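A short worksheet on the structure shown next.
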Amino acid sequence: MSIDVITRYFAAFNAGDVDGMLAELSDDIAHHVNEGNVRHGKELFRAFCDHMNESYRENLTDIVAFATPDGTRGAAEFTVNGTYLKTDEGLPEAKGQTYVLPAGSFFTLKDGKICRVTTYYNLADWVRQVS
1 MSIDVITRYF AAFNAGDVDG MLAELSDDIA HHVNEGNVRH GKELFRAFCD
51 HMNESYRENL TDIVAFATPD GTRGAAEFTV NGTYLKTDEG LPEAKGQTYV
101 LPAGSFFTLK DGKICRVTTY YNLADWVRQV S
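Mapping the sequence shown onto full-length UniProt numbering, position 28 (from 1) lands on 28, and the numbers just tick up by one.
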């Protein structure tokens with residue numbers, strides 16, 4: 001069931017388990033990054049996760065997952081509770097600032113795997129919170 005895939009994906013995220021997240025993705029995953037480029041494939045997804053884990057510590061709460069009846073699309077709404085650990089290029093200086101952001105992810109699913117994930121949050125709100 002598609003909600004189970006989404007739930008496992010976010011449980012792995014919250015556990016800091018990149019391999020667990022990758023297990024829920026198709027090999028040809030299309031990762032649409034908020035305010036960024038589309039990354040294709042698990043290797044680029046892992047590199048993104050490694051970078052994020054170096055610069056940010058995040059925990060997602062209030063997760064509510066949705067799925068279409070045919071199981072081909074899903075979404076989740078959640079709150080990002082984070083700490084900015086290391087300055088990310090082009091962003092304000094990191095000093096251990098904390099932030100809380102509403103966010104959402106959208107998924108395309110095929111053969112029991114996530115083949116597209118698109119995540120959105122308000123970058124201007126994040127910048128305001130860490131500045």
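C-beta: ideal position from N, C-alpha, C; glycine also. Since the model is a prediction, treat every value here as computed from it, not as a measurement.
- Taking a contact as a CB-CB distance under 8 Å, the pair F106 and T118 counts as one, their CB atoms being some 5 Å apart.
- Following the DSSP letters along the chain, one finds D50 in no beta strand (DSSP E) but inside the alpha helix (DSSP H) bounded by residues 42-55.
- Per DSSP, T7 lies in no beta strand (DSSP E); the unbroken alpha helix (DSSP H) holding it starts and ends at 2-15.
- Where V33 is concerned, there is no enclosing alpha helix (DSSP H), because DSSP gives it neither an H nor an E.
- Boundaries for A94: no alpha helix (DSSP H) harbours it, and the DSSP string shows neither H nor E there.
- DSSP assignment within the segment 98-131 yields the following whole beta strand (DSSP E) runs of 3 residues or more, N-terminal first: 98-110, 113-121.
- Per DSSP, reduced to three states, the secondary structure at D27 is strand.
- The segment 76-88 and the segment 50-58 touch, with no fewer than 3 CB-CB distances between them shorter than 8 Å.
- Annotation for E35: L123 place their beta carbon closer than 7 Å to its own, counting only its chain and skipping 5 residues before and after.
- Shown here, G74 sits in a strand according to DSSP, grouped into three states.
- In the DSSP assignment, V64 forms a beta bridge with E77.
- The Cβ-Cβ distance between I29 and G74 does not fall below 8 Å.
- A67 and T7 have their C-alpha atoms spaced approximately 11 Å apart.
- The beta carbon of A94 lies closer than 8 Å to those of S55, Y84, L85, K86, T87, D88, V130 in the same chain, with the five residues before and after it left out.
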